[in-house]
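Protein chains in written order, with the working numbering: chain A, 1 to 217; chain B, 1 to 217.
Number of protein chains: 2
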Amino acid sequence: MRTAYHSQLDSLSNDLASMAELAGNSMQRATTALLEADLALAEQVIGDDTKLNEVRVSAEEKAFALLALQAPVAGDLRTVVATINTAGDLERMGVLALHVATAARRRHPQHVVPAEVAPSFAEMGRVACDMAEVAQQVLLSRDVALAAQLESDDDAMDQLHKDLFSVMMAPEWPHGVATAVDIALLGRFYERFADHAVVNARRVVFMVTGQMPEEEY
Amino acid sequence: MRTAYHSQLDSLSNDLASMAELAGNSMQRATTALLEADLALAEQVIGDDTKLNEVRVSAEEKAFALLALQAPVAGDLRTVVATINTAGDLERMGVLALHVATAARRRHPQHVVPAEVAPSFAEMGRVACDMAEVAQQVLLSRDVALAAQLESDDDAMDQLHKDLFSVMMAPEWPHGVATAVDIALLGRFYERFADHAVVNARRVVFMVTGQMPEEEY
């Protein structure tokens, strides 16, 4: 029974890692679509949205089967329930990438992001995709030290987000209200994407160490 | 054993209902703090933030104890796991109310919300608090018809959110970029608060009927 439990748990971890990869991949393409006003790429991200949901539903089914058939207790029980929560967070990361793609499509053929903040978005996109990749590795390896790296990546994202706001709030901002509002919401999508990656890593730390790192808001 | 299970499940439902009440109460006070630039009230909402977390942690412990000791299967198993997810959503509603209170505090003694959009925020606050109250009742009663009401409340929230954006995007908007950005993010906090209430209601529908209503993004 322990062997069956562990092989089913491995299969679940693989599903979660696939979801992290799909979410990171969506965010990467959504960022390119945003920066290059690439409608076809935006449409592709929007069309791929159901993929993450499919893996989430399948992972959830596996987790329920595992709970019902193996009736794990203590740490094992918490681990399986955590996978259900993690699948929910990973799906949400995909939805946030979808929001970025939708913004790119909505303003096409215009660029949503003016030239002076394009490097900020390129960098937020890079950090977000790195975080999805690290989350993917953490979900597979349960490497607590690697999980901690996501905390500093998240600090970098928060700083990029703050810098973006200072540029927009400056009196010399020439792009008007509509563009600023688009950018503020887009900035939040990247920041929330990073937050969900961090929450996933914290759950892994909890599974391994029994201690949940403090959450920040 | 069935009796113990049901009495433990009732206790969990009561916890969730308390969380919905706390979240609604926080959003009501946060909205008043926002509209009246009431610093003391904003501070009160911010200080109360740990309360929701405490109930969430306690509900989660009860759910894990129930899973470990009763080893429920099929529908019962899904119900218990759903309570863990619901507690997470309700805590997030509290965080969104906290974000509103934080915005009110950050701009104090100035008003974040200019007079022409204050009625929109009053109305979004009213709808959000109504939705928290309906969610509270749904969590206790498992009334599927009442759960459906949250879908139309959410449509009302989306419409208010769209109207808010049209006011800000109008060429005659006199309040500049910083205010527009504040309002855009605040609008999103109310909209997300409503989304979480809807998700909670959908989970109740799923528990009762075995069918998950389609999610919208």
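We treat Cβ as the ideally placed atom computed from N, Cα and C, and that holds for glycine.
Taking 8 Å as the CB threshold, Phe121 (chain B) stays off the interface with chain A. With contacts defined by Cβ atoms closer than 8 Å, Ala82 (chain A) and Met169 (chain A) do not form a contacting pair.
DSSP places Met212 (chain A) in the coil class of the three-state scheme, outside both helix and strand. Within the segment 46-115 of chain B, the alpha helix (DSSP H) runs of at least 4 residues that lie entirely inside it are, in chain order, 49-70, 74-107.
The count of Cβ pairs closer than 8 Å, one atom from the segment 128-143 of chain A and one from the segment 9-21 of chain A, reaches three, so the stretches are in contact. Restricting attention to A:Leu77, A:Lys162, A:Leu96, A:His111, the CA atom closest to the CA of His6 (chain A) is found in A:Leu77. For the segment 155-181 of chain A, residues whose beta-carbon sits nearer than 7 Å to a beta-carbon of chain B comprise Met168, Met169, Trp173, Val177, Ala178, Ala180, Val181. Looking at B:Gly88, B:Asp182, B:Asp49, the one whose alpha-carbon comes closest to that of Val112 (chain B) is B:Asp182. Per DSSP, Arg126 (chain B) is one residue of the alpha helix (DSSP H) stretching across 118-141. Look at Gly47 (chain A): its C-beta is not under 8 Å from any C-beta on chain B. Using a 10 angstroms sphere on the CB of Ala4 (chain B), the tally of other CB atoms stays under 16, which defines it as exposed. Below the 8 Å Cβ cutoff, chain A contributes Phe64 as neighbours of Arg78 (chain B), in chain order. For His161 (chain B), the enclosing alpha helix (DSSP H) covers residues 144-169. With 16 or more other Cβ atoms from the protein chains shown falling within 10 Å of its own Cβ, Gly24 (chain B) counts as buried. Around the Cβ of Pro109 (chain B), a 10 Å sphere holds fewer than 16 other Cβ atoms; the residue is exposed.
Along the segment 198-210 of chain A, none of the residues has a CB nearer than 9 Å to a CB of chain B. Under a criterion of Cβ atoms nearer than 8 Å, no residue of chain B is adjacent to Asn25 (chain A); the nearest Cβ is some 18 Å distant. For Ala103 (chain A), the closest alpha carbon among the candidates A:Phe165, A:Glu43, A:Ala65, A:Asp15 is that of A:Glu43. A buried status is given to Met27 (chain B), since no fewer than 16 other beta-carbon atoms sit within 10 Å of its beta-carbon. When only Cα atoms are considered, Pro114 (chain B) and Gly47 (chain B) end up about 26 Å apart.
Counting only Cβ-Cβ distances below 9 Å, Arg56 (chain B) has no contacts in chain A at all, with the closest Cβ about 11 Å away.
For the set A:His99, A:Glu151, A:Asn53, the Cα lying nearest the Cα of Gly88 (chain A) is the one of A:Asn53. Cβ atoms of Asp38 (chain B) and Thr32 (chain B) come within 8 Å of each other, at about 6 Å. Among the residues of chain B, those whose CB is under 8 Å from the CB of Asn85 (chain A) are Ile84, Asn85, Gly88, following chain order. One Cα belongs to Ala63 (chain A), the other to Ala74 (chain B), and the distance between them is close to 12 Å.
Taking a Cβ-Cβ threshold of 9 Å, none of the residues of chain A is close to Arg29 (chain B); the smallest such distance is about 18 Å. Note on geometry: alpha-carbon atoms of Asp195 (chain B) and Asp130 (chain B) lie some 13 Å from one another. Leu96 (chain A) is positioned such that its CB atom lies no closer than 8 Å to that of Asp49 (chain A). Rounded to the nearest whole angstrom, the C-alpha separation of Leu90 (chain A) and Val55 (chain A) is 10 Å. The residues Val138, Ala201, Val204, Val205, in chain order, have a CB closer than 6 Å to that of Ala147 (chain A) in the same chain once the five nearest residues on each side in sequence are set aside. When the five nearest sequence neighbours on each side are left out, the beta carbons in the same chain lying within less than 7 Å of the beta carbon of Gln149 (chain B) are those of Val134, in order along the chain. Residue-level contact check: Val73 (chain A) touches chain B, since one or more beta carbons of chain B fall below 8 Å from its beta carbon. Between Ala59 (chain B) and Leu16 (chain B), the CB-CB gap stays under 8 Å. Within chain B, the residues Val81, Ile84 have their CB atoms less than 7 Å from the CB of Val81 (chain A), given in chain order. For the pair Phe165 (chain B) and Val100 (chain B), the CB atoms are not nearer than the 8 Å cut-off.
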